[in-house]
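If you read the sequence shown in my numbering, its first letter stands for residue 6, the second for the next number, and so on.
Glycine included, each C-beta is placed from N, C-alpha and C at the ideal position.
Computed from a predicted model, the values in this text were never measured in an experiment.
A short worksheet on the structure shown next.
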Amino acid sequence: MDTSRSSASGQPARRGPQPGERAAGQSLLDSALSTRLLYFFILGDVLGAGVYVLVGQIVAASGGAVWVPLGVALCLAMLTAGSYAELATKYPRAGGASHYTTLAYGPFAGFLAGYCMLAAGIVSVAALARGFAGDYLSVFVSFPVAAVVVVFLLVLALLNARGIKESTRANVVATVIEVGGLLIVVVLGAWIVLRGDGHLDALTDLGTPHKGAAAAVLSGAVLAYYSFVGFETSVNVAEETRDPVRSYPRALFGALATAGLIYVLVGLAATAAVPATVLANSSGPLLEVVTVAGGVPERLFGAIALVAVANGALLTGIMSSRLAFGMARDGLLPRQLTAVLPQRRTPWVAIAVTTTLSLLLALTGDVATLASTLVLLLLVVFFMVNTAALVLRKDTLDRTYFRVPVVVPVLGAASCVLLATRVEAEVWKRGLLVLAVGVVPALIAARQHRRKHQTAAEPH
Numbered sequence: 006m007d008t009s010r011s012s013a014s015g016q017p018a019r020r021g022p023q024p025g026e027r028a029a030g031q032s033l034l035d036s037a038l039s040t041r042l043l044y045f046f047i048l049g050d051v052l053g054a055g056v057y058v059l060v061g062q063i064v065a066a067s068g069g070a071v072w073v074p075l076g077v078a079l080c081l082a083m084l085t086a087g088s089y090a091e092l093a094t095k096y097p098r099a100g101g102a103s104h105y106t107t108l109a110y111g112p113f114a115g116f117l118a119g120y121c122m123l124a125a126g127i128v129s130v131a132a133l134a135r136g137f138a139g140d141y142l143s144v145f146v147s148f149p150v151a152a153v154v155v156v157f158l159l160v161l162a163l164l165n166a167r168g169i170k171e172s173t174r175a176n177v178v179a180t181v182i183e184v185g186g187l188l189i190v191v192v193l194g195a196w197i198v199l200r201g202d203g204h205l206d207a208l209t210d211l212g213t214p215h216k217g218a219a220a221a222v223l224s225g226a227v228l229a230y231y232s233f234v235g236f237e238t239s240v241n242v243a244e245e246t247r248d249p250v251r252s253y254p255r256a257l258f259g260a261l262a263t264a265g266l267i268y269v270l271v272g273l274a275a276t277a278a279v280p281a282t283v284l285a286n287s288s289g290p291l292l293e294v295v296t297v298a299g300g301v302p303e304r305l306f307g308a309i310a311l312v313a314v315a316n317g318a319l320l321t322g323i324m325s326s327r328l329a330f331g332m333a334r335d336g337l338l339p340r341q342l343t344a345v346l347p348q349r350r351t352p353w354v355a356i357a358v359t360t361t362l363s364l365l366l367a368l369t370g371d372v373a374t375l376a377s378t379l380v381l382l383l384l385v386v387f388f389m390v391n392t393a394a395l396v397l398r399k400d401t402l403d404r405t406y407f408r409v410p411v412v413v414p415v416l417g418a419a420s421c422v423l424l425a426t427r428v429e430a431e432v433w434k435r436g437l438l439v440l441a442v443g444v445v446p447a448l449i450a451a452r453q454h455r456r457k458h459q460t461a462a463e464p465h
C-alpha cells in the first residue's frame, strides 16, 4: 500500500478541481477530528452492540469454534476497508459510498448505494433505540418503551447537532467502557479454563448437522461480517478530519485490527467457557460467560450493554446524517438537507430528518424483519465501492492520497459475491424488495442530475 499523486503509468497528472475534492476553506463542515479521535470513532462503531448478541447466532451457524468465522470476517472486511481508505483520502467528502459510486457510475448507481446505506443506518438506529428501551434497561428501571425511545433519540440528535468533536469525545468514553466489558469476558473465560471448567475441545469444533466445516464457517462469517462493517460510517466524517490522507488509513486499519483481536479473544473465551448449545440458545451469550464465572454483578454487564447500544446508535446516527448531507450536496436528495448550523457547522436538517425517520420506525414498525436484510444491502454497497475504486483509478489527482494494490479491490468485490451466496433466500427476497423501492427515486434523481448539468452547460 502506498500514497500516490500520479497516474497509473507513473506520470504526474495536473488538472483543475474535480467533484469530491476539497480545497482549503471550501468545506461547510468543521475539520475537528484528530487521528486519535477518528480511531476511537471507528473502533466504537465496530465494537457496537452487535458483539454482545451475535456470538450465539454465529455459533448456531458455524459450530462451537466461533473465533474462526470472526477471523475470516475480519480478513474479508480488511479488503473492502482498503478500497474505502483509498477513496476516502482521494475524495474526502461526506457522502461515502454514494459519492464514490456517483463519480464512477453516475447518479443512478450513486443514489442506490446511498439509499442502501441510508436505509440501513436509519433502521439500525431504530432497532438500537428499541433495544435500549428493552431488557437491559429493565434491569434498572421500567418505563414505557415509546417514552424511552423518544427521549433516547432526542438526546442523541442533540448531541449529534452539538458538534462532531463533542460526539466523538463522548464516543471515546463509551468505547473504553465497551472494550472494558469485552475484556472482562476474556479474563473470565481464561479464569474458567484455568480452574478446570473449560471446554477446550470446542475450540476446533466446526460444522453443523446440515453443513460441512467450510460451508458453516462462511455462513457464520456472514453474521460475523456485520460486526465489522461499522468502518463504513467513518468515510462520512473524512471531510471533518484534519489530515485525512495521513489520519484515515492509520485510524481505519488500526481500529479494525484492534476490534478483530478483541473479537477473536472474546470468541475463544466464550467457546471455551460455555457449551455451544447454551451459547446458541442465548440472547445474551456473553452474559452466560459472566454467569458461569461468577463474581461480576449482572447489573454491571447490563450497564455496559446499555452504553454499547447508545454508542452504536450515536455513531450510526452521525453516519446517517452525514450521508444524507453528502447525497443532497451531490444533488441526489433535496438541497434543504445541506443546511448547517451557523456556529456548530453541523447538518441540522439532515440530523432532524434521519432522526425522525428512525423514530417513526422505532414507534410504529417491526424492524426485526428489515434488520436481517442489512448484511445483504451492505454487501451490495461494498461490491459497488470496490468496483468503483477500480473504475476511478483512471481519475488521477495532483495531490497525495492513499492507494492500495489493484488486487485489493478485486478481492474485496469477490468477497462480497462469496458472502452473498451464503445469504438465505428469504433474506434475498426482502433485500430485493428494499432495492426495488429505491429504483424509482434513483431514476428521478438521475434525471434531475442530468437536467441540472445540461442547464449549467448551456451558453448564457
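Simplified DSSP state of residue i, which is helix, strand or coil
{"i": "residue 145", "result": "coil"}
{"i": "residue 407", "result": "strand"}
{"i": "residue 361", "result": "helix"}
{"i": "residue 110", "result": "helix"}
{"i": "residue 236", "result": "helix"}
{"i": "residue 348", "result": "coil"}
{"i": "residue 286", "result": "coil"}
{"i": "residue 200", "result": "coil"}
{"i": "residue 265", "result": "helix"}
{"i": "residue 300", "result": "coil"}
{"i": "residue 183", "result": "helix"}
{"i": "residue 66", "result": "helix"}
{"i": "residue 231", "result": "coil"}
{"i": "residue 174", "result": "helix"}
{"i": "residue 467", "result": "Residue 467 lies beyond the residue range present for the chain, which begins at 6 and ends at 465; the question has no answer from this structure."}
{"i": "residue 280", "result": "coil"}
{"i": "residue 26", "result": "Note on residue 26: pLDDT 42, under 50, position unreliable in the model; the coordinate value appears next. Three-state result, residue 26: coil."}
{"i": "residue 443", "result": "helix"}
{"i": "residue 401", "result": "coil"}
{"i": "residue 138", "result": "coil"}
Endpoints, alpha helix (DSSP H) assigned at residue i
{"i": "residue 387", "result": "379-396"}
{"i": "residue 248", "result": "That residue, residue 248, is in no alpha helix (DSSP H); it is neither H nor E in DSSP."}
{"i": "residue 215", "result": "Element bounds for residue 215: n/a, residue is neither H nor E."}
{"i": "residue 329", "result": "303-334"}
{"i": "residue 87", "result": "72-95"}
{"i": "residue 41", "result": "40-51"}
{"i": "residue 158", "result": "150-167"}
{"i": "residue 339", "result": "Note, residue 339: premise wrong, no alpha helix (DSSP H); not H, not E."}
{"i": "residue 424", "result": "412-425"}
Residues of its chain near residue i, where Cβ-Cβ distance is below 6 Å and the 5 sequence neighbours each way are ignored
{"i": "residue 52", "result": "183 and 264"}
{"i": "residue 425", "result": "384"}
{"i": "residue 89", "result": "240"}
{"i": "residue 321", "result": "126, 129 and 130"}
{"i": "residue 450", "result": "112, 116 and 337"}
{"i": "residue 349", "result": "168"}
{"i": "residue 162", "result": "356 and 360"}
Given residue i as reference, the closest of the options once Cα atoms are compared
{"i": "residue 120", "options": "324, 455, 395 and 291", "result": "324"}
{"i": "residue 379", "options": "363, 405 and 436", "result": "436"}
{"i": "residue 197", "options": "400, 93, 294 and 305", "result": "294"}
{"i": "residue 334", "options": "39, 66, 101 and 213", "result": "101"}
{"i": "residue 222", "options": "63, 305, 390 and 46", "result": "63"}
{"i": "residue 87", "options": "429, 442, 400 and 391", "result": "391"}
{"i": "residue 319", "options": "349, 160 and 418", "result": "160"}
{"i": "residue 253", "options": "268, 267, 269 and 236", "result": "236"}
{"i": "residue 113", "options": "336, 61 and 56", "result": "336"}
{"i": "residue 415", "options": "387, 308, 430 and 401", "result": "387"}
{"i": "residue 65", "options": "227, 40 and 356", "result": "227"}
{"i": "residue 308", "options": "409, 145 and 133", "result": "145"}
{"i": "residue 213", "options": "428, 275 and 69", "result": "69"}
{"i": "residue 78", "options": "232, 202, 297 and 186", "result": "232"}
{"i": "residue 339", "options": "175, 453, 362 and 272", "result": "453"}
{"i": "residue 366", "options": "443, 304, 43 and 151", "result": "151"}
{"i": "residue 393", "options": "382, 110 and 317", "result": "110"}
Other residues of its chain near residue i: CB distance less than 8 Å, five sequence neighbours each side excluded
{"i": "residue 446", "result": "116 and 120"}
{"i": "residue 448", "result": "113"}
{"i": "residue 364", "result": "131, 134, 154, 155 and 158"}
{"i": "residue 457", "result": "336"}
Status (buried if at least 16 other CB within 10 Å, exposed otherwise) for residue i
{"i": "residue 48", "result": "buried"}
{"i": "residue 3", "result": "Missing from the structure shown is residue 3; the chain here goes from 6 to 465 and no further."}
{"i": "residue 421", "result": "buried"}
{"i": "residue 148", "result": "exposed"}
{"i": "residue 41", "result": "exposed"}
Contact set for residue i: own chain, Cβ-Cβ below 7 Å, skip 5 residues either direction
{"i": "residue 216", "result": "224"}
{"i": "residue 280", "result": "204"}
{"i": "residue 283", "result": "293"}
{"i": "residue 249", "result": "93, 94, 97 and 243"}
{"i": "residue 44", "result": "256, 259 and 260"}
{"i": "residue 195", "result": "274"}
Proximity test, residue i beta-carbon vs the ligand ATP heavy atom, cut-off 7 Å
{"i": "residue 392", "result": "What this structure holds is no ligand at all, so the ligand ATP is not there to describe."}
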